[in-house]
Amino acid sequence: MILRFLSFILLIWMIGFAWFAIDLPRPADSNEETDSVVVLTGGAKRIDRALEILTVEKAGRLLVSGVDRDVKPAELAAEYNTSDALFECCVDLGFQAVDTRSNALETARWVARRDDKSVRLVTSDWHMRRARLELERAIPPKVKIVSDAVATAPTLSTLFKEYNKYLMRRLAALAGV
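Going by my numbering, the first residue of the sequence shown is number 191, and it counts up by one from there.
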């Protein structure tokens, strides 16, 4: 009986992992406008995508969450070949986040201060589900979240780790933690 139950759980886990790995989130419609855009640091092309959205005026302001405390706006502008003026007017750097959960909390505070009604979330495709889950838990339900996944080519190891992190956070959410 226990062996059957464990086999069933393993089968469910494997089917879920297959879904997670095969059906990665996709980029959002480039024409969709939001009040702001937030990008979680830590992956290639994430900041590029967020700056693109800001530059084409599909969002009014950008939060770069999880920035190292030693980074200055001018350095980031130079790194991404963007004008200092754009960073001065429209980009906020968040220095308090160290993981996905604290990214969501930092973003929630920023969105609340701005009284935004919609926010575009930019992160890697393999990271989007957990990042969105954390953000949905941190901000009021009235704030619309638009997922804008940056396409990557994640390794099986990355997908395995992220799937298990996602499951654990999902279970923690169900338990109210």
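C-beta: ideal position from N, C-alpha, C; glycine also. Please read all numbers here as calculations on a predicted model, not as lab measurements.
Q. Mapping DSSP to helix, strand and coil, what is VAL301?
A. helix
Q) Which residues share a DSSP beta bridge with LEU230? A) SER255
(Q) Mapping the DSSP letters down to three states, classify ILE237 as helix, strand or coil. (A) helix
Q: State the beta-bridge partners of SER337 as determined by DSSP.
A: LEU311
**Q.** Straight-line Cα distance separating ARG359 from ILE199
**A.** 18 angstroms
Q.
Looking at ARG327: is its Cβ nearer than 8 angstroms to the Cβ of THR224?
A. no
Q.
Taking a contact to mean a Cβ-Cβ separation below 8 angstroms, would you say ARG320 touches GLU352 in this structure?
A. Yes; because the gap between Cβ atoms is below 8 angstroms, this pair is in contact.
Q) With a cut-off of 8 angstroms, do at least 3 Cβ pairs link the region 330 to 348 to the region 301 to 315? A) When C-beta atoms of the region 330 to 348 are compared with those of the region 301 to 315, three or more pairs fall below 8 angstroms, so the two segments count as touching.
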